[in-house]
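>
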Amino acid sequence: TQLLEQSPQFLSIQEGENLTVYCNSSSVFSSLQWYRQEPGEGPVLLVTVVTGGEVKKLKRLTFQFGDARKDSSLHITAAQPGDTGLYLCAGGGGTSYGKLTFGQGTILTVHP
Amino acid sequence: DTAVSQTPKYLVTQMGNDKSIKCEQNLGHDTMYWYKQDSKKFLKIMFSYNNKELIINETVPNRFSPKSPDKAHLNLHINSLELGDSAVYFCASSLHTDNSPLHFGNGTRLTVT
Chain F
1 TQLLEQSPQF LSIQEGENLT VYCNSSSVFS SLQWYRQEPG EGPVLLVTVV TGGEVKKLKR
61 LTFQFGDARK DSSLHITAAQ PGDTGLYLCA GGGGTSYGKL TFGQGTILTV HP
Chain A
113 DTAVSQTPKY LVTQMGNDKS IKCEQNLGHD TMYWYKQDSK KFLKIMFSYN NKELIINETV
173 PNRFSPKSPD KAHLNLHINS LELGDSAVYF CASSLHTDNS PLHFGNGTRL TVT
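Okay, structure coming up:
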């Protein structure tokens, strides 16, 4: 069974601070997806990374896929209250074809 | 237009009852899923259908029975509800079965009393 360990589980910061969320596994994934979920809604895809070492930027969010495709990180610069939410990483491929493996999630709260 | 819509949004029922949750997607996707999100926000796949055919059936009690009348619909029927079934259930769809990104509905919060 493939597992994705996401850390930290909770993050409470002030507006303007930077933060990084990590997603680690001992398994290799063919792709890594990041989702953001707001209360009362379903997760929404932020980005997909597929190449080892790949870096993608989405405004103040920077996503990186590890060289060995076993880990990923999400870095947010100058966090804003609107960034508050649950961030989920999900790995695809490997031995779990057709099924995404989700991390436990990181609940981010950005205080004004 | 809502891409993946599921009903009802909230479901409160007593132990032992039978209930259904409906899901429809208008994205033209081939694959649909049911996920369960527990109180710790962990998302776990339950079922996956591709063009009306069951392709993933995780270790889920047989009280849960999915039905896909066509590739745009995937319903979930639950018999003899138990307290531990309380959770948020998400329907999702993806273009194909190849780990394409998921489009989620807004969830059904099921509370069993």
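Which chain is which? The protein sequence lines are F and A, in order. Count the first sequence with the working numbering and you get residues 1 to 112, in order. Count the second sequence with the working numbering and you get residues 113 to 225, in order. Backbone N, C-alpha and C fix where the C-beta goes; we use that ideal spot for every residue, glycine too. These numbers come from a predicted model, not from an experiment.
1) Determine the extent of the beta strand (DSSP E) in which VAL21/F is found, giving its start and end residues.
2) Is the separation between the beta-carbon of GLY92/F and that of LEU100/F shorter than 8 Å?
3) If you reduce the DSSP assignment to three classes, tell me which class PRO181/A lands in.
4) So, under 8 Å CB-CB, GLY217/A and SER151/A are touching, yes? Tell me the CB distance rounded to an integer number of Å.
5) Name the residue from MET127/A, LEU207/A, ILE190/A and GLY140/A whose alpha carbon lies nearest to the alpha carbon of PRO173/A.
6) Of all the CB atoms in chain F, is at least one closer than 8 Å to the CB of ASN211/A?
7) Return the residues of the segment 158-175 of chain A that lie within a Cβ-Cβ distance of less than 7 Å from chain F, sorted by chain order.
8) Going by the beta-carbon positions, is the gap between LYS59/F and SER27/F smaller than 8 Å?
9) Assuming HIS76/A and CYS135/A form a contact by the criterion Cβ under 8 Å, report the distance between their Cβ atoms to the nearest whole angstrom.
10) What is the rounded straight-line gap between the Cα of GLY40/F and the Cα of GLN149/A?
11) Can you list, in chain order, the residues of its chain whose CB lies under 6 Å from that of SER225/A, leaving out five sequence neighbours each side?
12) Answer with yes or no whether the minimum CB distance from THR48/F to chain A is below 8 Å.
Inspection of the coordinates gives the following:
1) 19-24
2) yes
3) strand
4) With a Cβ gap of about 19 Å, GLY217/A and SER151/A do not count as contacting.
5) ILE190/A
6) yes
7) SER160, ILE167 and ILE168
8) no
9) The question about residue 76/A has no answer here: the residues shown for chain A are numbered 113 through 225.
10) 12 Å
11) The sequence shown places Thr at residue 225/A, not Ser. Closer than 6 Å at the Cβ level, and outside the excluded window around THR225/A, lie GLN126.
12) yes
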